[in-house]
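Notes follow once the structure below has been shown.
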Amino acid sequence: MAGTDIKKKLEKDALAKLLGVEILEVREGYAKTRVKVSKDLLNSLNTTHGAAIFAVADMALAAASNSYGQTAVALNVNITYLRATGEGTVLYATAEEENLTARTGLYRIVIRDEEGCKVAVAEGLVYRKK
Numbered sequence: 001m002a003g004t005d006i007k008k009k010l011e012k013d014a015l016a017k018l019l020g021v022e023i024l025e026v027r028e029g030y031a032k033t034r035v036k037v038s039k040d041l042l043n044s045l046n047t048t049h050g051a052a053i054f055a056v057a058d059m060a061l062a063a064a065s066n067s068y069g070q071t072a073v074a075l076n077v078n079i080t081y082l083r084a085t086g087e088g089t090v091l092y093a094t095a096e097e098e099n100l101t102a103r104t105g106l107y108r109i110v111i112r113d114e115e116g117c118k119v120a121v122a123e124g125l126v127y128r129k130k
């Protein structure tokens, strides 16, 4: 599936739309997404909610893993949060393919702020449907 096709398909994701997650780039085995942290994405400590960080990473994983036109769904995603961010921060997630087989794909996702500082790292394993 061409990058523009998968982008159009994933832009229909209701949760991503609600959170403001945007797909910036998609090519085979790679995707980049972005979200601007609004007041609605803060936790009780007034920092970016972990679920918001996970969501921008998950959308990058979805775009990268579905970029070949074969439906892929997450089996497991592990995330490590490295630093706190707050309202107004722009987060970018890049997902890059580490390994691809007929049935699975492994992706590394790095989440950075607008200054390039790592905010979180994640690894996602997907199942590729026939």
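The sequence shown begins at 1 in UniProt numbering and counts up by one. We treat Cβ as the ideally placed atom computed from N, Cα and C, and that holds for glycine. Since we're looking at a predicted model, the values are computed, not measured.
Rounded C-alpha distance that separates residue i from residue j
i, j, result
"Glu114", "Val90", "5 Å"
"Glu22", "Lys36", "9 Å"
"Ile6", "Val26", "8 Å"
"Glu87", "Leu42", "7 Å"
"Ser67", "Ala120", "23 Å"
"Ile111", "Tyr92", "5 Å"
Reference residue i; option with closest CA among the options
i, options, result
"Asn46", "Tyr127, Ile6, Thr85", "Thr85"
"Ala74", "Leu61, Val37, Lys7", "Leu61"
"Glu28", "Gly105, Lys129, Asp58, Gly116", "Gly105"
"Thr33", "Arg103, Ile53, Ala14", "Ile53"
"Leu100", "Ala51, Leu125, Leu24", "Leu125"
Whether residue i touches residue j by CB criterion (8 Å)
i, j, result
"Ala16", "Ala95", "no"
"Arg128", "Arg103", "yes"
"Asn76", "Ala122", "no"
Outcome for residue i when other beta-carbon atoms lying within 10 angstroms are tallied against a minimum of 16
i, result
"Ser65", "buried"
"Leu19", "buried"
Cβ of residue i within 8 Å of any chain D Cβ
i, result
"Leu19", "The structure shown contains no chain D, having only a single protein chain."
Worksheet item: Of all the beta strand (DSSP E) runs that stay within the bounds of the UniProt domain "Thioesterase" (46-116), which reach a length of 3 or more residues?
Response: Runs of the beta strand (DSSP E) lying entirely within the UniProt domain "Thioesterase" (46-116), each at least 3 residues long, are 72-81, 90-100, 104-113 in chain order.
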